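At position 32 of the first sequence (counting the first as 1) the number is 77 in the working numbering, and the numbers step up by one without a gap.
Just so you know, even glycine gets a beta-carbon here, dropped at the ideal spot from N, CA and C.
Predicted model only: the values in this text are computed from it and were never measured.
Before any comments, here is the structure.
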Amino acid sequence: MLNMYHPESADSTVCTEEPIDFLNDDGVSEDGYHGEPSSTTDGIVNENVIYLHGLPYDILSKDESKHLHIYAKSEIELGPIPKVVPLYANEIKATEDFQKTAMHKPIFSSKQNRQNGNIRLWQFLLCLLTNLKFNPSHIKWTNRSSGEFKILRSKDIAHMWGEMKNNNRMTYEKMSRAMRNYYKDKILTPVPQRLVYKFGPMSDGW
DNA sequence: CAGCACTTTCCTGTTT
DNA sequence: GAAACAGGAAAGTGCT
46 MLNMYHPESA
56 DSTVCTEEPI
66 DFLNDDGVSE
76 DGYHGEPSST
86 TDGIVNENVI
96 YLHGLPYDIL
106 SKDESKHLHI
116 YAKSEIELGP
126 IPKVVPLYAN
136 EIKATEDFQK
146 TAMHKPIFSS
156 KQNRQNGNIR
166 LWQFLLCLLT
176 NLKFNPSHIK
186 WTNRSSGEFK
196 ILRSKDIAHM
206 WGEMKNNNRM
216 TYEKMSRAMR
226 NYYKDKILTP
236 VPQRLVYKFG
246 PMSDGW
């Protein structure tokens, strides 16, 4: 997978008005880029979509000078999404500097999140959302700017959560109960659609 | 060991 | 009927 963008132009508010140019350092092949991304870095998923900071952008066109013209989908805004994210749940656990590199730091700095060093369920979900290994195949934003997301592969995600906690008895039934506990504290807010949740005012980092 | 935060487990009932 | 959703209640886990 190729890194396709200039960090200095991709960092903040790419977006809705003007097309942004991205240079392909290795050249753009005639047949485009297909198939699954093979690394944690952002890049072109297929001829129509590029990921930046874990978020999808439509590729409008590419020109002879190896520039891509992209637009964010209308509901998407670029936030402070980390560039470096872990690939797998067990890798998250094994990575000692997870808190420094994988997650945006406000997630771990707010008051209600620093009781202990364990990752919380909502942080785990946010991590999956910022990782193109799982977004959009397992979990995806349904409204990026409002923090609304949908779980697509409930069994797999529950299993990964269990893996994370060394608990092979975890199910979506039980994981979703833990998610509903968040409603009271406004870490998540309910959305009246199956498998759709939304980050609330007491969560951050998204 | 105690107390606390955060689940996890179980359960009954409801909704999609 | 299966899969999700809703919460109450109690037990378990990891930390300070």
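#### Entry: Inter-residue Cα distance where the pair is I202 and W186
Taking the straight line from one Cα to the other gives about 15 angstroms.
### Query
Based on Cα-Cα distance, which residue from Y242, F179 and R165 lies nearest to K195?
Nearest to K195 by alpha-carbon distance, out of Y242, F179 and R165, is Y242.
### Message
Check this for me: beta carbons of L166 and M224, under 8 angstroms apart or not?
### Response
With contacts defined by Cβ atoms closer than 8 angstroms, L166 and M224 form a contacting pair.
### Task
Rank L197, T234 and H183 by C-alpha distance to the C-alpha of S248 and give the top, closest one.
Closest by alpha carbon: T234.
#### Entry: Boundaries (first-last residue) of the alpha helix (DSSP H) holding N212
Here N212 belongs to no alpha helix (DSSP H), and DSSP marks it neither H nor E.
#### Entry: Through-space distance from N180 to F244, alpha-carbon basis
The alpha-carbon atoms of F244 and N180 are separated by roughly 16 angstroms.
### Task
Using the Cα positions of W251 and N212, report the straight-line distance between them to the nearest angstrom.
Approximately 27 angstroms, taken between the alpha carbons.
### Task
Give me whichever residues DSSP pairs with W186 in a beta bridge.
Bridge partners of W186: F194.
### Task
Report buried or exposed for N226, applying the criterion of at least 16 other Cβ atoms within 10 angstroms of its Cβ.
Using a 10 angstroms sphere on the CB of N226, the tally of other CB atoms stays under 16, which defines it as exposed.
### Task
Buried or exposed for Q168, please, with buried defined as at least 16 other CB atoms from any protein chain shown within 10 angstroms of its CB.
By the 16-neighbour rule on beta-carbons within 10 angstroms, Q168 is buried.
### Query
To the nearest whole angstrom, what separates the beta carbons of H183 and L197, a pair I think is in contact under 8 angstroms?
Between L197 and H183 the Cβ distance is about 6 angstroms, and since that is below 8 angstroms, they are a contact.
### Query
Which of the three DSSP states, helix, strand or coil, is assigned to A147?
Note on A147: pLDDT 35, under 50, position unreliable in the model; the coordinate value appears next. Residue state, collapsed to three classes: coil.
### Query
Can you list, in chain order, the residues of its chain whose CB lies under 7 angstroms from that of G192, leaving out five sequence neighbours each side?
K243, F244 and W251, listed in sequence order.
### Range covered by the alpha helix (DSSP H) that runs through F169
First-last of the alpha helix (DSSP H) with F169: L166 to L174.
### Message
Quick check: the Cα distance between W206 and M220, rounded to an integer number of angstroms?
### Response
Distance between the alpha carbons of W206 and M220 is about 8 angstroms.
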